[in-house]
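Chemist: Before we start, here is the structure in question, set down as structure tokens.
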Amino acid sequence: MLNDHNSYMGLAIKEAEKGVGRTSPNPAVGAIIVKDGCIVGRGYHEKAGTPHAEINAIADAGQSTQGATLYVTLEPCNHTGRTPPCTEAILRAGIAKVVIGMSDPNPRVTGGGADYLQRKGVEVCRGVLEQQCRALNNPFIKHSATGLPWMIMKAGVSLDGKITFSPGRGAALTGAASKRYVHQLRNQVDALLIGVETALIDDPSLTTRLDGITDIRDPLRIVLDSRLRLPTNARMLSQVSSAATWIFCGAEAPLEKEAELVRCGARIFRMPLDGDQRVDLLAVLRCLGQLNLTSVLVEGGARVHGAFYSQGLIDELLLFYAPFIIGDQGTPLVQGYCLNQRVEAPRLNDCSVVPLGDDVLFRALIQR
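Numbering of the sequence shown is given in my numbering, commencing with residue 84 and proceeding in unit increments.
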């Protein structure tokens with residue numbers, strides 16, 4: 084039997100983790116109901132449009148909710164969206180106390196659910212394991228505050244920071260453990276993004292492949308292709324996949340090629356170009372945010388990495404280091420970006436180093 088808020092909230096976080104990658108554009112949320120020192124109900128939000136974590140936990144508790152305490156990782160909603168307000172369900176269930184991990188980040192509703200419950204006589208405690216609860220939902224938090232998706236820059240690199248053995252030569256640098264980690268991440272994000280040069284060199288499938296796991300899905304595929312050079316026989320357009328391919332091009336890209344790509348199943352978005360005649364990245368992100376994409380994995384190549392990084396559009400770094408040096412002929416991690424002195428570098432938070440087989444993963448969040 085547990086006896087403190089942190090322990091029960093930790094269990095609610097474990098419930099929330101079950102929904103990570105399946106709830107977008109909603110957050111991953113978990114809930115635990117406790118009565119007389121015993122857990123009587125558990126629940127998590129499984130998918131957008133389905134009941135929220137609180138509702139599932141209340142249903143699991145059955146007749147044991149009267150006078151109980153609800154632990155929930157995110158402030159209960161007090162508005163009607165695709166589902167009714169959770170606050171009303173909490174009141175009907177007779178729950179006496181609600182312990183909240185983090186407030187709803189939506190500036191239009193922050194505090195609304197907690198304040199409403201307090202006005203109705205429910206005891207409310209806020210901010211329990213708040214940082215852990217927030218870490219579950221970085222994409223939801225950013226999208227709620229800015230309308231833009233959470234951007235993750237991922238790359239497999241040598242110890243000297245090269246992503247290919249030579250220019251124009253695509254080949255995996257990292258091992259099986261890193262590959263599995265990447266595919267687990269693909270199974271969670273809304274979309275993958277590459278530049279057309281990577282598409283032309285590697286002809287990637289950009290799908291999720293995880294042996295032994297049945298609950299997998301392909302993320303949306305995004306290609307930055309200002310002149311629509313992607314061939315119609317590209318693997319991502321000819322393979323069997325449940326996910327779509329979106330191509331972002333410039334206004335002057337050929338209409339005939341657009342029609343061919345559309346016939347192959349692609350969706351074309353015409354965007355303004357920047358000074359280098361490449362697709363304007365911020366315009367792309369605004370478009371994706373408006374279409375309710377909350378997380379994007381940027382898989383390259385070097386110029387795409389450099390463009391996103393130099394414009395301050397990356398939120399998280401995932402660099403998989405292989406145990407060797409390539410040398411001068413290799414392609415650097417980023418191109419088109421230059422740092423002149425240390426004080427100009429973005430601040431990194433929550434840095435970690437994780438061994439993955441013979442490789443090492445460096446992960447960090449970029450401070451804004």
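Glycine is no exception: its CB is placed at the ideal position from the N, C-alpha and C atoms.
For a test of the three-state rule: what should DSSP assign to A142, helix, strand or coil?
Modeler: The count along the sequence shown starts at 1 and reaches residue 142 at position 59. In this structure, A142 counts as helix in the three-state DSSP scheme.
Chemist: By the three-class DSSP mapping on this structure, what secondary structure does L307 have?
Modeler: What you label residue 307 is simply residue 224 of the sequence shown in a count that begins at 1. Here L307 sits in strand by DSSP.
Chemist: For L460 versus K340, is the C-beta distance shorter than 9 Å?
Modeler: With the chain represented from 84 up to 451, any question about residue 460 goes unanswered, as that position is not in the structure.
Chemist: If we count Cβ pairs, one from each stretch, closer than 8 Å, do we get three or more for the stretch 91-98 versus the stretch 211-220?
Modeler: In short, these stretches touch, since the Cβ pair count reaches three.
Chemist: Under the rule that 16 or more other beta-carbon atoms within 10 Å means buried, what is A255, buried or exposed?
Modeler: Sequence index remark: in the sequence shown, residue 255 carries index 172 (1-based). Label assigned to A255: exposed.
Chemist: Which first and last residues belong to the alpha helix (DSSP H) in which S501 is found?
Modeler: Residue 501 lies beyond the stretch modelled for the chain, which goes from 84 to 451, so this question has no answer here.
Chemist: Exposed or buried, which one is K245 when buried takes at least 16 other CB atoms within 10 Å?
Modeler: For the purposes of this step, residue 245 is taken as the residue at position 162 of the sequence shown. Counting Cβ neighbours within 10 Å, K245 comes out buried, since at least 16 surround it.
Chemist: In this structure, does DSSP put S421 in helix, strand or coil?
Modeler: Within the sequence shown, numbered from 1, the residue matching residue 421 stands at position 338. One point to set straight first is that residue 421 is Cys, not Ser, in the sequence displayed. Here C421 sits in coil by DSSP.
Chemist: Which of helix, strand or coil does DSSP assign to C160?
Modeler: If you number the sequence shown from 1, residue 160 lands on position 77. In this structure, C160 counts as coil in the three-state DSSP scheme.
Chemist: Which runs of the beta strand (DSSP E) spanning at least 3 residues fall entirely within the stretch 318-354, listed in chain order?
Modeler: For the stretch 318-354, whole beta strand (DSSP E) runs of length 3 or above, ordered along the chain, are 328-333 and 350-354.
Chemist: According to DSSP, is S378 helix, strand or coil?
Modeler: Mapped onto the sequence shown, residue 378 falls at position 295. Strand at S378.
Chemist: Can you check whether the CB of N270 is closer than 9 Å to the CB of P110?
Modeler: Here residue 110 corresponds to residue number 27 of the sequence shown, with the count starting at 1. Here residue 270 corresponds to residue number 187 of the sequence shown, with the count starting at 1. Cβ distance not < 9 Å, so P110 and N270 don't count as in contact.
Chemist: With H, G and I counted as helix, E and B as strand and the rest as coil, what does DSSP make of I409?
Modeler: In the sequence shown, residue 409 corresponds to position 326, counting from 1. Note: I409 maps to coil in three-state DSSP.
Chemist: For S107, which residues in the same chain have their Cβ closer than 6 Å to its Cβ, ignoring the five residues on either side in sequence?
Modeler: Here the question's residue 107 lines up with position 24 in the sequence shown. Within the same chain, S107 has close Cβ partners D273 and T377.
Chemist: Tell me the DSSP secondary structure of V117 in three-state form.
Modeler: To locate residue 117, count along the sequence shown from 1; it is residue 34. The answer is strand: DSSP assigns V117 an E or B state.
Chemist: What do you get for E399, buried or exposed, if any count of 16 or more other CB atoms within 10 angstroms of its CB means buried?
Modeler: Residue mapping note: residue 399 aligns to position 316 of the sequence shown, counting from 1. It is buried - the Cβ of E399 has at least 16 other Cβ atoms within 10 Å.
Chemist: In the DSSP assignment, what residue or residues form a beta bridge with V182?
Modeler: Here residue 182 is taken as the residue at index 99 of the sequence shown, counted from 1. Answer is Y154 and C208, bridged to V182.
Chemist: Quick check: what's the CA-CA separation for F248 versus M354?
Modeler: The residue given as residue 248 occupies position 165 in the sequence shown. The residue given as residue 354 occupies position 271 in the sequence shown. Distance between the alpha carbons of F248 and M354: 33 Å.
Chemist: Could you check which residue in A259, D286 and G384 has the C-alpha nearest to that of D294?
Modeler: The count along the sequence shown starts at 1 and reaches residue 294 at position 211. Residue A259 is the option with its Cα nearest to D294.
Chemist: Alpha carbon to alpha carbon, how far is V103 from C370? Give it in angstroms, no decimals.
Modeler: Working through the sequence shown from its first residue, we reach residue 370 at position 287. Working through the sequence shown from its first residue, we reach residue 103 at position 20. In a straight line, the C-alpha of C370 is about 23 Å away from that of V103.
Chemist: Sort out for me which residues DSSP pairs L356 with in a bridge.
Modeler: The count along the sequence shown starts at 1 and reaches residue 356 at position 273. DSSP lists V362 as partners of L356.
Chemist: Between G132 and H162, what straight-line distance do the alpha-carbon atoms span, to the nearest angstrom?
Modeler: Locating residue 132 in the sequence shown gives position 49, where the first residue counts as 1. Locating residue 162 in the sequence shown gives position 79, where the first residue counts as 1. Taking the straight line joining both Cα atoms gives about 14 Å.
Chemist: Sort A218, S393 and G389 by Cα distance to E427 and report the nearest one.
Modeler: For the purposes of this step, residue 427 is taken as the residue at position 344 of the sequence shown. Nearest option by C-alpha distance: S393.
Chemist: Opposite P415 in the DSSP bridges: which residues?
Modeler: For this step, residue 415 is matched to residue 332 along the sequence shown. Per DSSP, K245.
Chemist: Name the DSSP bridge partner or partners of K237?
Modeler: For this step, residue 237 is matched to residue 154 along the sequence shown. The partner list for K237 (beta bridge, DSSP) reads L401.
Chemist: Taking the alpha carbon of L157 as the reference point, which residue from R175, K203, E98 and R202 has its own alpha carbon closest?
Modeler: Indexing the sequence shown from 1 puts residue 157 at position 74. Among R175, K203, E98 and R202, the Cα nearest to that of L157 is on E98.
Chemist: Could you please give me the residues that DSSP links to N189 through a beta bridge?
Modeler: One-based indexing of the sequence shown puts residue 189 at position 106. Answer by DSSP bridge pairing: none, since N189 is not bridged.
Chemist: How far does the beta strand (DSSP E) with G195 in it extend, from its first residue to its last?
Modeler: If you number the sequence shown from 1, residue 195 lands on position 112. Careful: G195 lies outside any beta strand (DSSP E), inside the alpha helix (DSSP H) at G195 to R202.
Chemist: Determine the direct distance from the alpha carbon of P406 to that of I305, and round the result to whole angstroms.
Modeler: Working through the sequence shown from its first residue, we reach residue 305 at position 222. Working through the sequence shown from its first residue, we reach residue 406 at position 323. Looking at the two C-alpha atoms, the distance is approximately 30 Å.
Chemist: For V103, which of helix, strand or coil comes out of DSSP?
Modeler: On the sequence shown, position 20 is the one that residue 103 refers to. If DSSP states are grouped into helix, strand and coil, V103 belongs with coil.
Chemist: Relative to the C-alpha of F391, which candidate in D143, W233 and T170 has its C-alpha closest?
Modeler: Within the sequence shown, the letter at position 308 stands for residue 391. Checking every option, the nearest Cα to that of F391 belongs to W233.
Chemist: Helix, strand or coil: which one does DSSP assign to P250?
Modeler: Stepping through the sequence shown from its first residue, residue 250 is reached at position 167. In this structure, P250 counts as coil in the three-state DSSP scheme.
Chemist: Strictly by DSSP, which residues pair up with G124?
Modeler: If you number the sequence shown from 1, residue 124 lands on position 41. Its beta-bridge partners are I116.
Chemist: With a CB to CB cut of under 6 Å and the five nearest residues on each side skipped, what residues in its chain are close to V437?
Modeler: Within the sequence shown, the letter at position 354 stands for residue 437. Here the set comprises L444.
Chemist: Could you name the residues that DSSP lists as bridge partners for G395?
Modeler: Sequence index remark: in the sequence shown, residue 395 carries index 312 (1-based). Note: G395 sits in no beta bridge, so no partner.
Chemist: Just reading off the beta strand (DSSP E) that I277 is part of, what are its end residues?
Modeler: Counting from one through the sequence shown, the residue named residue 277 turns up at place 194. Where I277 is concerned, the enclosing beta strand (DSSP E) stretches over A274 to G278.
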